[in-house]
Every structure is written in C-alpha cells, then in structure tokens.
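Read through the structure below, which is laid out as structure tokens, and then see the notes.
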Amino acid sequence: MHLINNKEYSKEDFEKRLRFETEPVKRVTPVLQQVAVDLLEEMYNLNAIGLAANQVGLRMRLCSIDPAFMQNKKMPVIMFNPEVVECGEEFFTSPEGCLSLPGLGLKVPRIRNVKVKFLGLDGKEYTIEDDNSLLSAVIQHEIDHLDGFLMTDRSLEKIEINYNTEV
Numbered sequence: 003m004h005l006i007n008n009k010e011y012s013k014e015d016f017e018k019r020l021r022f023e024t025e026p027v028k029r030v031t032p033v034l035q036q037v038a039v040d041l042l043e044e045m046y047n048l049n050a051i052g053l054a055a056n057q058v059g060l061r062m063r064l065c066s067i068d069p070a071f072m073q074n075k076k077m078p079v080i081m082f083n084p085e086v087v088e089c090g091e092e093f094f095t096s097p098e099g100c101l102s103l104p105g106l107g108l109k110v111p112r113i114r115n116v117k118v119k120f121l122g123l124d125g126k127e128y129t130i131e132d133d134n135s136l137l138s139a140v141i142q143h144e145i146d147h148l149d150g151f152l153m154t155d156r157s158l159e160k161i162e163i164n165y166n167t168e169v
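All residue numbers for the sequence shown refer to this note's numbering, where the first residue is 3 and numbers rise by one.
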C-alpha cells in the first residue's frame with residue numbers, strides 16, 4: 003500500500019486519486035478481510051488514528067480507525083460501507099491533521115454526536131453511537147475521505163494546498 007499525499011503528486015493526480023466517492027462493498031469476503039487487515043496495519047505503521055482505503059489507492063468504501071492508539075492502546079475498528087445514520091445538532095472544533103496532507107494542521111467543525119452504521123470485518127452489521135469528540139471527529143474525517151472530501155473542504159481556515167510541481 004502506498005499513501006497518496008500532496009508532496010508526491012501533482013494537483014491533477016492528487017485530485018484524481020482522492021476526490022471521488024468510493025464504491026460500496028457488496029459482501030465481505032476473505033480477500034477483503036485481508037485488505038482491511040492490511041489497511042489497519044498500514045495505519046499503525048504510519049502512526050495514525052484513521053486511514054481510508056482511497057488514501058492508499060483503493061476505490062472501495064473501507065476505513066480503519068483507532069482513536070485509542072494515541073494513548074498507546076489498541077482498540078481498532080474496521081468499517082466497510084460506513085454511513086452516518088443519525089447526528090446531533092451540537093458542533094465542536096476539532097484540531098485535525100491528515101496523512102494525505104502531511105504537516106498541515108487545521109481546525110475543522112465536526113458534529114459532536116454521530117451514529118454510524120457499517121459492516122465489520124466479519125461481514126455483520128454494527129452501529130457505533132458516540133459523543134466522544136475524538137472518536138466522532140475521526141469517524142467523520144474518514145467518511146469524508148470515502149466521499150471524496152478533505153479536511154480543507156470543511157475547515158474554518160481557508161488555505162491553498164501545495165502540490166508537487168516536479169512530477
């Protein structure tokens with residue numbers, strides 16, 4: 003798996019690889035289970051708390067998250083076809099970074115309480131409902147990726163992304 007980021011790609015290539023809505027998974031097969039485990043391992047190798055499949059060149063609706071990883075714990079969640087099914091009305095500002103935009107930190111408004119439905123690694127349907135600001139922010143950040151959005155699209159701070167102009 004190779005991480006797609008703005009330091010290695012031209013604007014055109016970066017946009018083509020990240021700015022699209024990913025394809026839902028029809029059924030969780032053993033092959034897709036291995037892809038999901040590989041995605042999770044890559045997330046940990048990158049010292050991250052979330053990673054969406056399209057960030058590593060996969061077109062499927064899949065992400066891995068683990069907000070506890072920042073506290074040197076592991077409580078991973080693998081989500082196929084994550085979808086926000088309910089959300090609260092209260093917002094908070096989340097300080098965020100992104101593996102696809104290394105070195106960039108932004109304040110992003112996020113909904114405090116979200117309820118997300120998804121298929122787990124075993125192919126069964128699960129729901130997470132949380133008002134923990136970090137977990138909610140990570141889930142929303144990764145679903146944004148799967149929908150073709152970046153944190154720069156949601157941020158209160160407007161910035162220009164610098165791309166690799168030498169490719």
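Built from N, CA and C at the ideal position, the CB exists for glycine as well.
Assigned secondary structure, residue 129 (DSSP; H/G/I helix, E/B strand, else coil): Counted from its first residue, the sequence shown places residue 129 at position 127. Strand.
Pair every Cβ in the segment 44-63 with every Cβ in the segment 5-14, then say whether three or more of these pairs are closer than 8 Å. yes
Could you check the C-alpha separation between residue 153 and residue 106 for me, to the nearest Å? What you label residue 153 is simply residue 151 of the sequence shown in a count that begins at 1. What you label residue 106 is simply residue 104 of the sequence shown in a count that begins at 1. If you take the alpha carbons of residue 153 and residue 106, they lie about 10 Å apart.
Closest by CA to residue 125, which one among 115, 31 and 147? Here residue 125 refers to the residue found at position 123 when the sequence shown is read from its first residue. For the residues 115, 31 and 147, the minimum Cα distance to residue 125 belongs to 31.
Can you give the Cα-Cα distance for residue 92 and residue 113, rounded to whole angstroms? Numbered from its first residue, the sequence shown carries residue 92 at position 90. Numbered from its first residue, the sequence shown carries residue 113 at position 111. Going from the Cα of residue 92 to the Cα of residue 113 covers about 6 Å.
CB-CB under 8 Å to residue 12, same chain, minus the five flanking residues each way: which ones, in chain order? The residue you call residue 12 lines up with position 10 of the sequence shown. Here the set comprises 165, 166, 167 and 169.
Rounding to the nearest angstrom, what Cα-Cα distance links residue 171 and residue 109 in this structure? Since the displayed the chain opens at 3 and closes at 169, residue 171 lies outside it and no answer follows.
Best match in 150, 149, 102 and 142 for proximity to residue 48 [C-alpha to C-alpha]: Along the sequence shown, read from residue 1 onward, the residue named residue 48 stands at position 46. The shortest Cα separation from residue 48 among 150, 149, 102 and 142 belongs to 102.
Alpha carbon to alpha carbon, how far is residue 35 from residue 61? Your numbering for residue 35 matches position 33 in the sequence shown. Your numbering for residue 61 matches position 59 in the sequence shown. Those two C-alpha atoms are separated by around 15 Å.
Below 7 Å CB to CB, which residues in the same chain sit around residue 26 once its five sequence neighbours on both sides are set aside? Position 24 of the sequence shown, counting from 1, holds the residue named residue 26. Answer for residue 26: 63 and 83, listed in chain order.
From the DSSP output, in three-state form, read off residue 145 for me. Here residue 145 corresponds to residue number 143 of the sequence shown, with the count starting at 1. Three-state DSSP puts residue 145 in a helix.
Consult DSSP for residue 60 and reduce its assignment to one of helix, strand or coil. Stepping through the sequence shown from its first residue, residue 60 is reached at position 58. Here residue 60 sits in coil by DSSP.
Are residue 69 and residue 80 close, meaning C-beta to C-beta below 7 Å? One-based indexing of the sequence shown puts residue 69 at position 67. One-based indexing of the sequence shown puts residue 80 at position 78. Cβ atoms of residue 69 and residue 80: not closer than 7 Å.
What's the C-alpha gap between residue 19 and residue 133? Taking the sequence shown and counting its residues from 1, the one referred to as residue 19 is at position 17. Taking the sequence shown and counting its residues from 1, the one referred to as residue 133 is at position 131. Distance between the alpha carbons of residue 19 and residue 133 is about 31 Å.
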